[in-house]
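The structure appears right after this line, and notes come after that.
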Amino acid sequence: MRLLPFILIFVIGVILTVALSFMELSFWFIYIVIIVVYTVLIVLPPIYTLYKSNNLKKVERFLEKNKRKPLFAYPLAVRTGNREEIISTIQLLLSKYKQPYMQEVYKTNLALFENNISQFEQRAKQISKEPLHTYYVAYAEILKGNFDDALALKDKLPVGWMPYAIDAIIAIEKGDLGAFRLAANESIRLARGVQKFNLIYSFKWMEKENKN
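At the far end of the sequence shown sits residue 252, using my numbering, and the numbering has no gaps.
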């Protein structure tokens, strides 16, 4: 465990407590301020790494540190490119997290990696929240060869990595490796945090599968 950041946070807390005490502020005001500061310094950095960081090494370190949790083991499994390991990790994730939305999304992913297109489409349609509902339904249309339908759905997606990911999937299904790489790179560029990490290795997996 890296103790230095926690030592620094503790020292900052002590200095802040002493400084506020000299200002003769009430005990409860000082207590609330210290709790807020500790929360910001301890809770926000990992949240930023998860969702907003563009530093892939930092994201990877976070995932490795937390890989005993299936939710964080999943991107690492995708990194391996091993279909069986990915499927096994998703199954473990589904057994661990029972929230309906988590079940919807990861059962959809499970069908994808099992190469069960009909079940993938069925699961995609059952996802209850946007924009993942539209994203996965568009993905299913691509796998069925309905590229125009997928493009129509793509227009409903928010600006960001998703539309380019759809373009990349269409390109790889058409066998256009150049267009695939262009769209994939743009999708990766726009993503952040664990999503960026996951996209990099998902696209590598797609390219590998396309060659087989």
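Glycine included, every Cβ here is placed at the ideal spot set by N, Cα and C.
Length of the line joining the Cα atoms of residue i and residue j
i       : j       : result
Glu-181 : Lys-194 : 11 Å
Phe-102 : Gln-162 : 33 Å
Arg-119 : Tyr-241 : 5 Å
Ala-205 : Leu-116 : 20 Å
Phe-160 : Val-76  : 44 Å
Gly-200 : Ala-151 : 25 Å
Asn-186 : Val-99  : 35 Å
Lys-97  : Thr-79  : 24 Å
Ser-158 : Tyr-88  : 37 Å
Phe-243 : Ala-224 : 7 Å
Asp-188 : Leu-134 : 33 Å
Leu-239 : Ile-72  : 40 Å
Tyr-91  : Lys-138 : 22 Å
Glu-213 : Asn-106 : 34 Å
Leu-111 : Pro-140 : 15 Å
Ile-228 : Ser-66  : 49 Å
Glu-154 : Glu-125 : 11 Å
Lys-236 : Lys-251 : 23 Å
Trp-245 : Ala-211 : 14 Å
Met-41  : Asn-95  : Low confidence applies here, because Met-41 scores a pLDDT of 45, under 50, leaving its location unreliable; read the following figure in that light. Cα to Cα, the separation comes out at about 20 Å.
Ala-178 : Lys-136 : 28 Å
Val-234 : Pro-86  : 11 Å
Glu-144 : Leu-217 : 31 Å
Inter-residue CB distance, residue i and residue j (contact presumed, cutoff 8 Å)
i       : j       : result
Ser-93  : Arg-232 : 6 Å
Ile-127 : Tyr-146 : Wrong, their Cβ atoms sit about 11 Å apart, outside the cutoff.
Tyr-175 : Leu-197 : 6 Å
Met-202 : Pro-171 : 6 Å
Which of helix, strand or coil DSSP assigns to residue i
i       : result
Tyr-137 : coil
Met-41  : Residue placement at Met-41 is flagged as unreliable, the pLDDT there being 45, under the threshold of 50; the coordinate-derived value follows with that caveat. The answer is coil: DSSP assigns Met-41 none of H, G, I, E or B.
Asp-188 : helix
Asn-250 : helix
Lys-98  : helix
Asp-195 : coil
Gly-215 : coil
Arg-163 : helix
Pro-171 : coil
Lys-147 : helix
Lys-236 : helix
Ser-66  : coil
Glu-254 : This structure does not reach residue 254, given that the chain is present from 41 up to 252, and the question cannot be answered.
Arg-123 : helix
Ser-128 : helix
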